[in-house]
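Residue numbers (this note's numbering): 7 to 231. Virtual Cβ for every residue (Gly too), placed ideally from N, Cα, C. A short write-up of the structure that comes next.
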Amino acid sequence: MSDQTYKAIPLDHYQPLPPSEMQQRADEFFVQMKKRRSVRAFSDRQVPRAVIETCLLTAGRAPSGANQQPWKFVVVSNPELKRTIRLAAEAEERAFYAGGASEAWLDALKPLATDAEKPFLEHAPYLIVIFSENYGLDEQGNKIKHYYVRDSVGIATGLLITAIHNAGLVSLTHTPSPMRFLNKLLDRPKNETPTMILVVGYPEEGVTVPAIEKKSLEEIAIFKE
Ligand code: IYR
7 MSDQTYKAIP LDHYQPLPPS EMQQRADEFF VQMKKRRSVR AFSDRQVPRA
57 VIETCLLTAG RAPSGANQQP WKFVVVSNPE LKRTIRLAAE AEERAFYAGG
107 ASEAWLDALK PLATDAEKPF LEHAPYLIVI FSENYGLDEQ GNKIKHYYVR
157 DSVGIATGLL ITAIHNAGLV SLTHTPSPMR FLNKLLDRPK NETPTMILVV
207 GYPEEGVTVP AIEKKSLEEI AIFKE
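The following block contains the structure:
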């Protein structure tokens, strides 16, 4: 048990913005984020590793339960390893699409026209495999309980997706189902659970995306004034 509290330090760099500038920045950010789309076909054009590193540092700034930062990002660019992941993911996905998934699930997915073929797992320069640390381990190997793991990793993933978009790259949240095979392929211990593969790179030339709509403000927010 920890018997110490953190030292309190000033909130540095905080500068409130005048409301007009606040609105302008909120608007500009929204304009940028409206352009974010999940892309399912990637070019094999290389991405500088330093950009990925900085985006990961941004993800690592996410708030987390008790500041436990229960995430691990395994960054795969090795072509043979990407191929192995593709083959394993496609095997799972073939079973999923052939009836492993419920009728209702396959029905919900139908408009997106996805299938078991995942060539992007080989074409994209980076696969960021995101693991949740369900519990920690102390020096003696005792389990340390982690709190709000899914929420924390979800927030970090959101920051990562935003950082990648902001850097001018595209991504896809890919969730082969089930995906425990990733522990073995990537040598991760059993306290870590894979939550998704974030596929990162440039879009394939001429790529199309589905004409989906996002909900309106009225549909997603309720104000009690
Ligand atoms: N994991 C499958 C199926 C899939 C599931 C959902 I929910 C999606 O939004 C998209 C796909 C696949 O990647 O094809």
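Residue i beta carbon near ligand 1 (any heavy atom closer than 6 Å)
{"i": "THR181", "result": "yes"}
{"i": "THR201", "result": "no"}
{"i": "THR120", "result": "yes"}
For residue i, the residue or residues it bridges with in DSSP
{"i": "MET202", "result": "ILE136"}
{"i": "PHE102", "result": "For PHE102, which the question treats as bridged, DSSP gives no partner whatsoever."}
{"i": "LYS149", "result": "LEU143"}
{"i": "LEU178", "result": "VAL205"}
{"i": "PHE48", "result": "PRO209"}
{"i": "VAL1", "result": "Residue 1 is absent from the model: the chain starts at 7 and stops at 231."}
Whether residue i touches residue j by CB criterion (7 Å)
{"i": "ARG51", "j": "HIS171", "result": "no"}
{"i": "VAL135", "j": "LEU63", "result": "no"}
{"i": "VAL137", "j": "GLU198", "result": "Note on identity: in this sequence residue 137 is Phe, with Val being the wrong assignment. Result yes, Cβ atoms of PHE137 and GLU198 sit closer than 7 Å."}
{"i": "ARG156", "j": "ALA122", "result": "no"}
{"i": "GLU286", "j": "PRO182", "result": "The question about residue 286 has no answer, for the chain in this structure spans 7 to 231."}
{"i": "HIS152", "j": "PRO76", "result": "yes"}
{"i": "VAL57", "j": "VAL176", "result": "no"}
{"i": "ALA130", "j": "VAL205", "result": "yes"}
{"i": "LEU165", "j": "VAL80", "result": "no"}
{"i": "SER49", "j": "GLU210", "result": "yes"}
{"i": "GLY160", "j": "ILE150", "result": "no"}
{"i": "LYS124", "j": "GLU96", "result": "yes"}
{"i": "CYS61", "j": "ALA169", "result": "yes"}
With 16 other Cβ atoms within 10 Å as the buried cut-off, status of residue i
{"i": "GLU162", "result": "At residue 162 the sequence reads Ala, which differs from the Glu that was named. Its Cβ being crowded by 16 or more others within 10 Å, ALA162 is buried."}
{"i": "TYR132", "result": "buried"}
{"i": "ARG92", "result": "buried"}
{"i": "SER70", "result": "buried"}
{"i": "GLY212", "result": "exposed"}
{"i": "VAL37", "result": "exposed"}
{"i": "GLY207", "result": "buried"}
{"i": "HIS180", "result": "buried"}
{"i": "PHE35", "result": "exposed"}
{"i": "LEU178", "result": "buried"}
{"i": "VAL215", "result": "exposed"}
{"i": "ALA114", "result": "exposed"}
{"i": "GLU139", "result": "buried"}
{"i": "ALA104", "result": "exposed"}
{"i": "ILE15", "result": "exposed"}
{"i": "SER158", "result": "buried"}
{"i": "LYS40", "result": "exposed"}
{"i": "LYS220", "result": "exposed"}
{"i": "PHE229", "result": "exposed"}
{"i": "LYS190", "result": "exposed"}
Residue i Cβ short of 6 Å to ligand 3 heavy atom set
{"i": "LYS230", "result": "Ligand 3 is absent from the structure shown, which contains only ligand 1."}
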